[in-house]
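Asker: Numbered by the UniProt record's numbering, the letters in the sequence shown go through residues 1 to 391 in order.
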Amino acid sequence: MNIRAIVRQYYFLVVLFAVVDFLFGSGYVAFMSHWGLSDSLIGLILSIWSGVTLLFGIPFGVVADSLGRKRVMGIGFLIWGIGLLLFSLSRDPLAFGIAIFLIALGLAIIGQLPLSWFVSTSNKFEGSEVQDNAIPFAGALSKGVSFCAGILFTLLVVNSSGNIPYYVAAVLAIFTGVVVLTIFQADSKKEKNTRTLLANIKETLPFLRKNTVLLLFFIKYFLSGIAGQLFVFCWQLHMVNELKVAEDKLGVIFSFFILTLALGYYFTSKIGKKFNKINVSLFGNIVILISFLMMSVGNSFVSFLIASLLFEFGLGVEQGANLIWIQPEIREDIRATILSLLPVILGLASLLASGVISLFLSQIGFKLLWTLSAILTALAILLLGIIKKII
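(1) Just the C-alpha distance for A246 and A18, rounded to the nearest angstrom, thanks.
(2) Would DSSP call S296 helix, strand or coil?
(3) Kindly indicate which residue of D248, Q327, A173 and A307 has the alpha-carbon position closest to the one of F257.
(4) What does a CB cutoff of less than 6 Å around F267 pick up in its chain, not counting 5 residues either side in sequence?
(5) Rank L86, L89 and A99 by C-alpha distance to the C-alpha of I48 and give the top, closest one.
(6) Mind the definition here: the region 285-295 touches the region 331-349 only if three or more C-beta pairs lie below 8 Å; say whether that holds.
(7) Contact between the region 55-62 and the region 372-386 is defined here as three or more beta-carbon pairs at a separation below 8 Å; is this criterion met?
(8) Which first and last residues belong to the alpha helix (DSSP H) in which D21 is found?
(9) Taking DSSP as the reference, what is the three-state secondary structure of A246?
(10) Quick check: L216 and L383, are their CB atoms within less than 7 Å of each other?
(11) By alpha-carbon positions, which one of L44, N200 and S116 ends up nearest to M73?
(12) Buried or exposed: F137, going by 16 or more other Cβ atoms within 10 Å of its Cβ?
(13) Indicate whether G68 and G106 have their beta-carbon atoms separated by less than 7 Å.
(14) Does Q363 come out as helix, strand or coil in the three-state DSSP assignment?
(15) Report the option in A169, G355 and Q236 whose CA atom is closest to the CA atom of L89.
(16) Skipping 5 residues on each side, what residues in its chain have a beta carbon closer than 7 Å to that of A199?
(17) If you check the beta carbons only, do N285 and A173 fall under 7 Å apart?
(18) Apply the 10 Å Cβ neighbour rule to W35 and answer buried if 16 or more other Cβ atoms are within range, or exposed otherwise.
(19) Can L13 and P114 be called in contact, C-beta distance under 7 Å?
(20) V287 and G314 - do their beta-carbons sit closer together than 7 Å?
(21) Relative to the C-alpha of V180, which candidate in L16, I357, A349 and F254 has its C-alpha closest?
(22) Return the chain-ordered list of same chain residues with a C-beta closer than 6 Å to the C-beta of S350, the five sequence neighbours on each side being excluded.
(23) Would you mind stating whether I219 and K388 have Cβ atoms separated by less than 7 Å?
(24) From A227 to F304, what distance separates their C-alpha atoms?
(25) If you drop the 5 nearest sequence neighbours on each side, which residues of the same chain put their C-beta closer than 6 Å to that of N159?
(26) Does the beta-carbon of I391 have 16 or more other beta-carbons within 10 angstroms, so that it is buried, or is it exposed?
(27) Just tell me which of F311, G298 and A95 has its CA closest to the CA of F283.
Here it is as C-alpha cells:
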C-alpha cells in the first residue's frame, strides 16, 4: 500500500464518521426532550454515555494494539450503527438509555483508532510531513462534507419524520463497519502485535509516568473537555428553552456550526505549516475563551450564535493542532493504547459536565455555566503555556 492509498482510506474513515456523528448530533437532545424526557433525566441518560466511555475506552485501545486497529474499529462502527437504529425507534427513558449505551460503546471502541492507525502507517513513509497536512485537512474535509449533507438533508426531510436522521446515520455506520471489516481487512491482519494484552499494559504505565508533557496534555484535555461538553450538552437546551428557537431550526444551526468547525481545521492545515503547532493550539484556545465570555454576558440569539460560531472555529483550530504536535510524544507500539486515553478523559469530563447539568443547571442558570467554561478554558491555556516551555 502506498501513502496515497493510506491517506484516501483515512479520509474515508474520518468523513463517514463525521457525517454519522453530524446526523446524530444535530438534534439528539431535543429529540429526547420531544418525547417528554426532562432536562434532568436527559442529563442522567447522557451520564451513561460518559460512564461507558470511561469503562471501555482504554481496554479496547489495548486490544487494538494487539489484534489490529482496523478490525477493532470495524466492530465499533457496527455496534454504533445498531445503537443509532435503536435510538431512532426509542420513545421512553429505558429505550433511550439502552440506545445511548450501545452508541457510547461503539464510540468507545472506535475512539482514536482511525488516527492511531493513520499515524503509525504513514510513519513508514513520509511520516510527519504528510500528517501535518492530512490530519487537519481530514478534519476540514469531514466537517465540510457534513455541512453540505446537512443542508441537503434538511431540504429533503423538512416535512418528514424526525426519526430519519438516525435511520440514515445507522445505515452509514453499519456500512462503514462492513467496509472496514471486509475491504480493509487484509491490511488489518498486518497490524497485529506479538505482545499480549497484559504486556501492552505493562509497557504503557511506566511510559506515562515518565512523560511529563503527556501528563500535562491529559490534564489540559480534561479541563477543555469539561468546558466543551458543557457547550455540547447545553447549546440546544439554551436555544430552545431560553432563546425560544424552534426545534426544527436546530439542524440548520448545527450545520453552520459544522462548517465553522471545518474552517477552523482548514485554517490549521494552512497556518500550521508556518507556525509552531502549540502556538496555533494556544490561539484556538484563546478564541474559545472569548466565545465563552461572550456567552456569559450576552442576552440575545444573535450574540449567542456569534459566540457559538467563535467557539466552533476555535475548537477546530485547537483540535487540528493538538492532533499533530502530540504525536511525536507517543511511542509507536502503544499508540492506540495511549490515544484511547483521550476518549476516556473526555468521558470523565462528560460525566462531570452531565452531573453539573443534572444537579445545578436549574439553580445557577446558563450564564454561570458559560462563566465556568471560560474559567476552565483559561486554566487550559495556562497548561499549554507550561507545555510549550518544556518542549
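Glycine included, each C-beta is placed from N, C-alpha and C at the ideal position.
Answerer: Reading from the atomic positions:
(1) In the sequence shown, counting from the first residue as 1, residue 246 sits at position 246. In the sequence shown, counting from the first residue as 1, residue 18 sits at position 18. Looking at the two C-alpha atoms, the distance is approximately 25 Å.
(2) Counted from its first residue, the sequence shown places residue 296 at position 296. Reduced to three states, the DSSP call for S296 is helix.
(3) In the sequence shown, the residue the question calls residue 257 occupies position 257. Measuring from the Cα of F257, the nearest candidate turns out to be A307.
(4) As a first step, residue 267 is located in the sequence shown; it is residue number 267 there, counting from the start. Cβ within range, chain order: V317.
(5) Taking the first residue of the sequence shown as 1, we reach residue 48 at position 48. The residue with the shortest Cα to Cα distance from I48 is A99.
(6) Result no; under three Cβ-Cβ pairs closer than 8 Å.
(7) At 8 Å Cβ cutoff, the stretches do not touch.
(8) Position 21 of the sequence shown, counted from the first residue, corresponds to residue 21. Element bounds for D21: I3 to G25.
(9) For the purposes of this step, residue 246 is identified with residue 246 of the sequence shown, where counting begins at 1. Here A246 sits in coil by DSSP.
(10) Residue 216 sits at position 216 when you count from the first residue of the sequence shown. Residue 383 sits at position 383 when you count from the first residue of the sequence shown. Yes, they are a contact pair.
(11) On the sequence shown, position 73 is the one that residue 73 refers to. The option with the nearest alpha carbon to M73 is S116.
(12) For the purposes of this step, residue 137 is taken as residue 137 along the sequence shown, with counting starting at 1. F137 is buried by the Cβ-count criterion.
(13) In the sequence shown, the residue the question calls residue 68 occupies position 68. In the sequence shown, the residue the question calls residue 106 occupies position 106. It is not a contact, given that the beta carbons lie outside the stated cut-off.
(14) Position 363 of the sequence shown, counting from 1, holds the residue named residue 363. Here Q363 sits in helix by DSSP.
(15) For the purposes of this step, residue 89 is taken as the residue at position 89 of the sequence shown. The residue with the shortest Cα to Cα distance from L89 is A169.
(16) Counting from one through the sequence shown, the residue named residue 199 turns up at place 199. Taken in chain order, the list of residues that qualify is empty.
(17) Mapped onto the sequence shown, residue 285 falls at position 285. Mapped onto the sequence shown, residue 173 falls at position 173. Cβ atoms of N285 and A173: not closer than 7 Å.
(18) Stepping through the sequence shown from its first residue, residue 35 is reached at position 35. Classification for W35: exposed.
(19) Taking the first residue of the sequence shown as position 1, residue 13 is located at position 13. Taking the first residue of the sequence shown as position 1, residue 114 is located at position 114. In this structure, P114 lies closer than 7 Å to L13 by Cβ.
(20) What you label residue 314 is simply residue 314 of the sequence shown in a count that begins at 1. What you label residue 287 is simply residue 287 of the sequence shown in a count that begins at 1. Cβ atoms of G314 and V287: closer than 7 Å.
(21) Position 180 of the sequence shown, counting from 1, holds the residue named residue 180. The residue with the shortest Cα to Cα distance from V180 is L16.
(22) Numbered from its first residue, the sequence shown carries residue 350 at position 350. Cβ neighbours of S350 beyond the five flanking positions: S50 and Q229.
(23) In the sequence shown, the residue the question calls residue 219 occupies position 219. In the sequence shown, the residue the question calls residue 388 occupies position 388. With respect to the 7 Å criterion, I219 and K388 are not classified as neighbours on the basis of their beta carbons.
(24) Reading the sequence shown from its first residue, position 227 is the one you call residue 227. Reading the sequence shown from its first residue, position 304 is the one you call residue 304. Rounded to whole angstroms, A227 to F304 spans 16 Å at the Cα level.
(25) Here residue 159 refers to the residue found at position 159 when the sequence shown is read from its first residue. Its pLDDT being 48, under 50, N159 is placed unreliably in this model, and the value from its coordinates should be taken loosely. Excluding sequence neighbours, N159 sits near nothing in its chain.
(26) Here residue 391 refers to the residue found at position 391 of the sequence shown. Under this definition I391 is an exposed residue.
(27) As a position in the sequence shown, residue 283 is number 283, starting the count at 1. Minimum Cα distance to F283 is reached at F311.
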